[in-house]
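Peer 1: For reference, the structure I am asking about is given below.
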């Protein structure tokens, strides 16, 4: 919803609303590497690749999970992120929806990346960070 009122493009959004012309699973894997990976240079390269200028974090994001299909487990591990396998709903809004096995990670921003992001707005548990060079 943030992108709809801000007018900004987003890298991640609700999976079931993704364009069929976007490799949403690859984007998700890349953003997990950005946020939780152990290589700040790689994180900043990926942020630049997607043209990310700001990172928006709120209470919903903090309590959300990030997931990708199991085929991305090697990519995550290569970047220092363990693949915790769980059955999750493809569409979390559909309580009777299909469950799939996936690599799951809790949302967060790794400490080395967090030191590079500049908070530009904070209110009621929501923070907007400016990406260096963004």
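Residue numbers (our numbering): 211 to 344.
By construction, the Cβ of each residue, glycine as well, lies at the ideal position given by its N, Cα and C atoms.
May I ask which residues mark the beginning and end of the beta strand (DSSP E) holding residue 252?
Peer 2: Counting along the chain, residue 252 falls outside any beta strand (DSSP E), though it belongs to the alpha helix (DSSP H) covering 250-259.
Peer 1: Would residue 247 and residue 289 qualify as a contact pair, given that the criterion is a beta-carbon distance under 9 Å?
Peer 2: yes
Peer 1: According to DSSP, simplified to helix, strand and coil, what is residue 263?
Peer 2: coil
Peer 1: Contact check, residue 245 vs residue 319 under 8 Å by CB: the rounded distance?
Peer 2: 5 Å
Peer 1: Pick helix, strand or coil for residue 297, following the three-state DSSP scheme.
Peer 2: strand
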